[in-house]
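Q:
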Ligand SMILES: [Cu+2]
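In mature numbering (1 follows the signal peptide of the UniProt record, and there is no 0), the protein residues as written are -29 to -1, 1 to 389.
1) Is residue 254 helix, strand or coil when you go by DSSP?
2) In whole angstroms, give me the CA-to-CA distance for residue 302 and residue 274.
3) Using a Cβ-Cβ cutoff of less than 8 Å, which residues in the same chain neighbour residue 227 once the five nearest sequence positions on both sides are dropped?
4) Pop quiz: residue 127 and residue 68 are said to be a contact at Cβ under 8 Å. What is the actual Cβ separation, rounded to whole angstroms?
5) Taking the DSSP output, what are the residues bridged to residue 338?
6) Assign residue 261 to one of two classes, buried (16 or more other C-beta atoms within 10 Å of its C-beta) or exposed (fewer than that).
7) Compute the distance between the beta-carbons of residue 203 and residue 190, then report whether it is under 8 Å.
8) At what residues does the alpha helix (DSSP H) containing residue 102 begin and finish?
9) My guess is that residue 192 and residue 252 are in contact by the Cβ rule of under 8 Å, so how many angstroms apart are they, rounded?
10) Counting beta carbon pairs with one atom in the segment 139 to 156 and one in the segment 78 to 92, are three or more of them shorter than 8 Å?
11) May I have the straight-line CA-CA distance separating residue 367 from residue 348, to the nearest angstrom?
12) What's the C-alpha gap between residue 384 and residue 277?
13) Under 8 Å by Cβ, that's how I've got residue 168 and residue 265 pegged, so tell me the actual separation to the nearest angstrom.
14) Just the C-alpha distance for residue 35 and residue 104, rounded to the nearest angstrom, thanks.
15) Contact check, residue 304 vs residue 323 under 8 Å by CB: the rounded distance?
16) Assign residue 263 to one of three DSSP states: helix, strand, or coil.
17) Using the beta-carbon count (16 or more within 10 Å), is residue 317 buried or exposed?
18) I need the straight-line Cα distance from residue 284 to residue 182, nearest angstrom please.
19) Where does residue 196 sit, in a helix, a strand or coil, going by DSSP?
20) DSSP three-state label for residue 238, please.
21) Is the CB-CB distance between residue 194 and residue 256 below 8 Å?
22) Check whether the Cβ of residue 123 lies closer than 7 Å to any heavy atom of ligand 1, and answer yes or no.
23) Please determine whether the Cβ atom of residue 233 lies at a distance below 7 Å from any heavy atom of ligand 1.
24) Using the three-state DSSP reduction, which class does residue 283 fall into: helix, strand or coil?
25) If I measure Cβ to Cβ from residue 25 and keep anything under 7 Å in the same chain, skipping five residues before and after, which residues do I get?
26) Which first and last residues belong to the beta strand (DSSP E) in which residue 49 is found?
27) For ligand 3, is there a heavy atom less than 7 Å away from the beta-carbon of residue 319?
28) Would residue 111 pass as a contact of residue 221 if the rule is Cβ separation under 8 Å?
29) How would you label residue 186, buried or exposed, when you count the other beta carbons within 10 angstroms and need 16 or more for buried?
30) Is it buried or exposed, residue 139, if we count other Cβ atoms within 10 angstroms and call 16 or more buried?
31) What is the DSSP secondary structure of residue 321, counted as helix, strand or coil?
32) Quick one: Cα of residue 62 to Cα of residue 134, how far?
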């Protein structure tokens, strides 16, 4: 069979296939239209099906393959007829490169304007060190954006202007020491500056010299699946020791009450901190790694089981000031977990309130001590008389239940000592 006949046959076959596809699609469409008028079909959930997208992708591939084949047939026909090449693929590729550049740069612009505004939802940093972190973010973003745009313009414009052409011959240019030096030294310098700035910022945040006149308030935060437990130090300003071996039903943090510093420790439902005073968070975890994340203060540090980490910072804007600044009466600072730690990870949230020193002191007096009467009994500590009296008037069933629990805890403690 001659090539010409083969092509004619192929063209005929392709046309037949296209005709069949078109007519059957038409028939399906008519059928569907008939069905639609008879009984409306709910097409809503079809978009939620992964198979729908797989089929859509395959259909797209098929479409591209058909177009490709049709073009190939066209090219071969021209070749057999002795006509010059119909499509200059070098130009096509060059134009696609140029289009890619324009569309890509528009995508960058779109990202910066649409998603970039999300950065402004973070508002200004509400802590001293936060401004330094923001500066670093901005500087890095500016430098990388400039480099990104320039290099991409050069990359794609080069592919467009220097596409293969019969009119010119490629120039052999294998090596240039000057260019090599420039593109090695310039990035090295810029990166060194960025890393150095990052290093110095890190040091200024994590290696503070303590000012004895302005000591930080210690607050202990313990993470577990899926909650934060917050302990304040009480009047002695020191949070007492704890030991995971002492964890029981009534002592969920495993606090060691043999340590005198533990006796006045307070438990809080929310984090309340005074403005313009340094606070030092003592971070631990009971089960997996969580991440202590307070975005408005630019604070984030992992809480790791088996080790204690610290984050000290100074909040600079009270919650009330922020509410007026943002004109948002519902605004609240927040503590989140920034580590995907399990199924209810999303639930690890706590309110954070920044208040005046006076409000802070008032709030502190209202917090409940960690040391309950049950715990006093468990640790063989004297139970205050006024507290012991109401317990006696309790329903007998409750008293026995509590007594049994205490006995069990004492047993646990004894077992641990062994
Ligand atoms: Cu978590």
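Where a beta carbon is used, it is the ideal one built from N, C-alpha and C, also for glycine.
A: In short, the structure shows the following:
1) Strand at residue 254.
2) 26 Å
3) Scanning its chain for C-beta atoms nearer than 8 Å, with the 5 sequence neighbours on each side dropped, one finds around residue 227 the residues 211, 212, 213, 214, 217 and 233, in chain order.
4) 5 Å
5) Looking at the DSSP assignment, residue 338 forms no beta bridge with any residue, so it has no partner.
6) With 16 or more other Cβ atoms within 10 Å, it is buried.
7) For the 8 Å CB-CB criterion, residue 203 and residue 190 form a contact.
8) Under the DSSP assignment, residue 102 falls in the alpha helix (DSSP H) whose first and last residues are 99 to 132.
9) 6 Å
10) no
11) Caution applies to residue 367, whose pLDDT of 44 falls short of 50 and renders its modelled position unreliable; the model cannot decide the point.
12) For residue 384, the predicted model reports a pLDDT of 48, less than 50, meaning its position is unreliable; a value from the coordinates is still stated below. One C-alpha to the other measures close to 21 Å.
13) With 8 Å as the limit, residue 168 and residue 265 do not qualify as a contact, their Cβ atoms being about 23 Å apart.
14) When rounded, the distance between both Cα atoms is 48 Å.
15) 4 Å
16) strand
17) exposed
18) 13 Å
19) coil
20) strand
21) yes
22) no
23) no
24) Secondary structure at residue 283: strand, using DSSP grouped into helix, strand and coil.
25) none
26) Element bounds for residue 49: not the beta strand (DSSP E) but the alpha helix (DSSP H), 21 to 51.
27) This structure does not include ligand 3; its bound ligands are ligand 1.
28) Cβ atoms of residue 111 and residue 221: not closer than 8 Å.
29) Residue environment: residue 186 is assigned as exposed (fewer than 16 neighbouring CB atoms within 10 Å of its CB, all protein chains considered).
30) Answer is exposed; the Cβ neighbour count stays below 16.
31) strand
32) 7 Å
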